[in-house]
Structures are given as C-alpha cells and as structure tokens.
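Count the sequence shown with mature numbering (1 follows the signal peptide of the UniProt record, and there is no 0) and you get residues -25 to -1, 1 to 416, in order.
Notes follow the structure.
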Amino acid sequence: MKLKPIVCGLLAGVLLAGCAPAENAAATAETAAPAPTAAPQELTVYYTAGAESPAGTALRAYAADQGVMLTELGPDADPAAADLAVLDAPPAGEGWQNLAADPLLATAAARAGLEGEVTALPVGRSLYAYWADSATLTALFGADPTDDLRAASWAEWSDAVETLTAWLTEPSAETVTLNGQDYTLPESRPAGTEALTGVFALPEQGRAAFGMPLFTGALLAAGDTRTEDTLTGPLNGVYSALTLELQNRGGDGAAALAEGSALFCRASLGELTAAGAAQDTLVWLPVKADFVESDLSTEEYNLTGLLNYPVLATAGWLAVPASADEAGTRAAAAAILWLYTSADGEAALTEDAALVTPWNTASDETTLTAMQVSQVGNGILPEPSPQPDQDAQAALAAAGAALAADAEGAPRTSFTQADRETWRDAVTEALATPAEETGEE
C-alpha cells in the first residue's frame, strides 16, 4: 500500500482555493490516530443513499477484516434501528449522539479537524466531475479533446452537447469549437461508439444526482451570505446545466457510462469505484454551469476557477443514532475507529473506496487514484462551510426529482420559465442562510 499525504495549494491568478475552509480543515497526515478498539460480532448500518457507496465499500472491508456480521439497511428503513448511520449530508436536528463525548471518538474527530460537539464524522472525499472514456472522446473528436473540454466556455460546452445529440441521430462532419479550437465529428460512427445513445448518464439518486456537490460552484459564487439576491444568478446557471443533461440523456447511472450508452457521467470517483465503473481510461471534466460575471458576489473566485475545476466532495458522514444502546454504540465506535486508526482501515478508504482521508492521505496505486492525488494538488473546488444538512439535502433531492420527471415518473425533456422559478425557489429555500444569521427580517 502506498499512501501520499496531500499538500493543498492555490493556482495563482485563478483564485481557486485548493484547501477546504478553515472550519473543515483536515488535520495533517502526521496527526496522531486514536487507539483502536475491539471489534464486536455484529454491526447494523443504515444508508440514506444505499449501501453501494464509498462508505459501504469501506465498511464491508471492515466486516470482512474483523469477522463482523454486517447487516445493511437501505433508505426505506428507520435509522433508529441501526448501530451506525451513513448519511449523505450532516445530521439535522436531534436524534444523534455527540461523538466527541467519547474520548476515543473525540480523538478521531480531532483527526478530521473537528472540535466541539460532533454528531458525524466524514468518511473521506473524492473528485466529483463528469467522467468520460478518453478513447471514446478521441474517436468522436478526431483528437484528444480533454484539455479543451475542461477549458471550454459554457456556450462552447452547451453547443457541443447539442451538436453531439444531433450527430447521434444522423452522423455528419459537424464542427465543434472547444476553448477556441475546432474539432470535426466523423461522418459515420467510429468503432467503439456503437452503443452510444445519448450524451449524459444521469446519476440515479441521492447526493450525486441533486445534492451538495452539484451546487458547490453556485454557493462559492454566492459568497459567505446566501440570500435570494446572491443565489438567484448562480442557481440559474445550475438550472441550465441540469436541463442540458435532462434534454441530452443517454441512460442512468454509472452503468450507462460503463456500457458505452452515455458519453458523460456526473459522479464522484468514489461512487464510480463502488459501482465497478472506474476504468483506467476515464478522464474527468468539470461540471459546467451557465455562470456569468454578475453572478459572483465574492472576490475569492472567478469564472475560470468556478467553471474549469472538479469538486472535492465529501463521500458521506458516519453518525450514531441517539437510540443506539450500549452494545450498538460500541459496535459503531469499533467500525469508526478501525477506519480512522488502522492501516487496514486507511487502505479500505484510500484503495478500496478511492477516497482522500479526512486527514489528507490518499493512494496513488491506480491510474485514477494517482490522477486524483495529482488534481487535488493542482486545484479543486472545495465544498463551502457550513454544508447544508439532511433537511436541506432532502429538499434539494425533491426539487431535482420534480424537475427530472413528470407526475407519472416519465423523464422530462422540455421546460418552462415556471419550471425554472419553481425549482429555483425550492433550492433557494434549502440553501439560503437563515434570516437570523443574516440580520434580515
């Protein structure tokens, strides 16, 4: 196992923060780990977004290594029935134990850079972006377009997507401009694109589909105070990105990317790894949104930074329900401490789940994890702090689901001004800073 401590850096002239905000700053790789604790015989885990996730990958490695009988509960179950919960957003309200009240877990929290009351510990982070097969891109564009796709403007990006959709119906030698460079699509389908039916594979559920990572750029553009005034412009840009996906879709989930029916899949590297779709030929592309200069209410970021870089997104949070009895609490603590304290736990996070640990170590043993290490050092968009909680995540998911499908569940491909306003109002309510914190009535 080869682990690398990651040094966060800034890209000069781009105003792109490479490290998380101070409130979430992870401890260095040299931070002392707390002592491990004995494993129990059983562990019940609840997942808000399903067990096929980076956290699920790591916890199954724990169970196998420690001989623990693992029971996995899905999102339809009651989290109070579990010893440990894997959440897709920080906990909201009561119902969760203060992990810092336990001396060992308090040390684990310190390793993640957290202090005070701690109701959840991060599993780790992973690059969140569009992912595409580099060989397929080269076959379509006649040369490797990766760098120009990353640097393309919104107008170039959206035009390329619509041109590709038309090309899939009737191939012809159409010209696509990316970052000012012209590429000519082939007159007929090249080898390797026979299964391609659409441009985007839509995330199937949860955080990847409509959660915080999608809104990272918008929140960074809005600045420290999230109000209707600061959020409206950036959210209009995200709406354009979402509807572009919905109108040019080629399937759902990582399977569509792996099968070749879609060109781009919006996901984290950890999610692709959990789905068995992380191939060495994949490259990342930033999740473009239709941002303009007037959308920025901060001087910390500019359009280049917000449009051209991937997000380093949290892969989930580990929390212990307040209803857990003493045995259940011990079982949850043992799992958390194994992940946070042991070499095998670190390997489960960095190698099996393809994550950057909360204390900033990562594996570079595979092509994709090495790419992740390199990109984190070169530049990423950090998630803003504080992050929206479970209630906000649920509201974001509901707004996204209503936009993506009609009342009968059929995919939507046409949208009105009223659709945009309804979606934006719901998202603004979920993301806005509470009035008592802004001083507004």
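Using N, Cα and C, we set each Cβ at its ideal position, and we do this for glycine too.
As the structure is a prediction and not an experimental result, all values here were calculated from the model.
By the DSSP assignment, the alpha helix (DSSP H) with residue i in it spans what residues?
{"i": "Ser298", "result": "Neither: Ser298 is in no alpha helix (DSSP H) and is coded neither H nor E."}
{"i": "Gln41", "result": "Pro29 to Gln41"}
{"i": "Gly251", "result": "Run containing Gly251: none; DSSP gives neither H nor E here."}
{"i": "Arg136", "result": "Here the sequence assigns Val to residue 136, which means Arg is not the residue at that position. Trp129 to Thr144 is the span of the alpha helix (DSSP H), which, as asked, contains Val136."}
{"i": "Leu115", "result": "Ser109 to Phe116"}
For residue i, is the classification buried or exposed, using 16 other Cβ atoms within 10 angstroms of its Cβ as the cut-off for buried?
{"i": "Pro285", "result": "buried"}
{"i": "Gly173", "result": "buried"}
{"i": "Met44", "result": "exposed"}
{"i": "Val267", "result": "exposed"}
{"i": "Asn353", "result": "exposed"}
{"i": "Leu406", "result": "buried"}
{"i": "Thr159", "result": "exposed"}
{"i": "Pro361", "result": "exposed"}
{"i": "Gln368", "result": "buried"}
{"i": "Thr212", "result": "Residue identity differs from the one stated: residue 212 is Gly in this sequence, not Thr. Result: buried."}
{"i": "Glu179", "result": "buried"}
Residue i to residue j, Cα distance in whole Å?
{"i": "Phe116", "j": "Leu238", "result": "12 Å"}
{"i": "residue 496", "j": "Ala288", "result": "This structure does not reach residue 496, given that the chain is present from -25 up to 416, and the question cannot be answered."}
{"i": "Pro333", "j": "Phe185", "result": "23 Å"}
{"i": "Gln156", "j": "Glu149", "result": "14 Å"}
{"i": "residue 479", "j": "Glu203", "result": "Any question about residue 479 goes unanswered here, given that the chain covers just -25 to 416."}
{"i": "Gly42", "j": "Ala382", "result": "46 Å"}
{"i": "Ala355", "j": "Ala380", "result": "What sits at residue 355 in the sequence shown is Ile, not Ala. Going by the C-alpha atoms only, they are around 32 Å apart."}
{"i": "Glu17", "j": "Ala130", "result": "54 Å"}
{"i": "Leu195", "j": "Leu189", "result": "12 Å"}
{"i": "Glu47", "j": "Glu145", "result": "46 Å"}
{"i": "Lys263", "j": "Pro386", "result": "22 Å"}
{"i": "Thr152", "j": "Thr121", "result": "13 Å"}
Starting from residue i, follow the beta strand (DSSP E) in both directions and report where the run begins and ends.
{"i": "Gly235", "result": "Where Gly235 is concerned, there is no enclosing beta strand (DSSP E), given that its DSSP letter is neither H nor E."}
{"i": "Asp123", "result": "That residue, Asp123, is in no beta strand (DSSP E); its alpha helix (DSSP H) goes Thr121 to Ala126."}
{"i": "Ala89", "result": "According to the sequence provided, residue 89 is Leu. The question's Ala does not apply to it. That residue, Leu89, is in no beta strand (DSSP E); it is neither H nor E in DSSP."}
{"i": "Ser147", "result": "Counting along the chain, Ser147 falls outside any beta strand (DSSP E), and DSSP gives it neither H nor E."}
{"i": "Ala19", "result": "The identity of residue 19 in the sequence shown is Thr, whereas the question assumes Ala. Thr19 -> beta strand (DSSP E) spans Glu17 to Tyr22."}
Are residue i and residue j closer than 8 Å when you measure CB to CB?
{"i": "Asp63", "j": "Thr23", "result": "yes"}
{"i": "Thr256", "j": "Ser349", "result": "no"}
{"i": "Gly208", "j": "Ser269", "result": "yes"}
{"i": "Ala87", "j": "Leu79", "result": "no"}
{"i": "Asp123", "j": "Asp319", "result": "no"}
{"i": "Val61", "j": "Gly291", "result": "yes"}
{"i": "Val331", "j": "Gly70", "result": "no"}
{"i": "Ala250", "j": "Ala231", "result": "no"}
{"i": "Ala118", "j": "Ala166", "result": "no"}
{"i": "Pro261", "j": "Leu282", "result": "yes"}
{"i": "Leu59", "j": "Ala307", "result": "yes"}
query: If you scan the stretch 369 to 404 from start to end, which runs of the beta strand (DSSP E) of 3 or more residues do you find wholly inside it?
result: none
message: Which complete beta strand (DSSP E) runs does the stretch 150 to 215 hold, if anything under 3 residues is left out?
response: 150 to 153, 156 to 159 and 173 to 177
message: Quick check for students: name the residue ranges of the beta strand (DSSP E) that lie wholly in the stretch 269 to 357, counting only runs of 3 or more.
response: 286 to 289, 292 to 294 and 336 to 338
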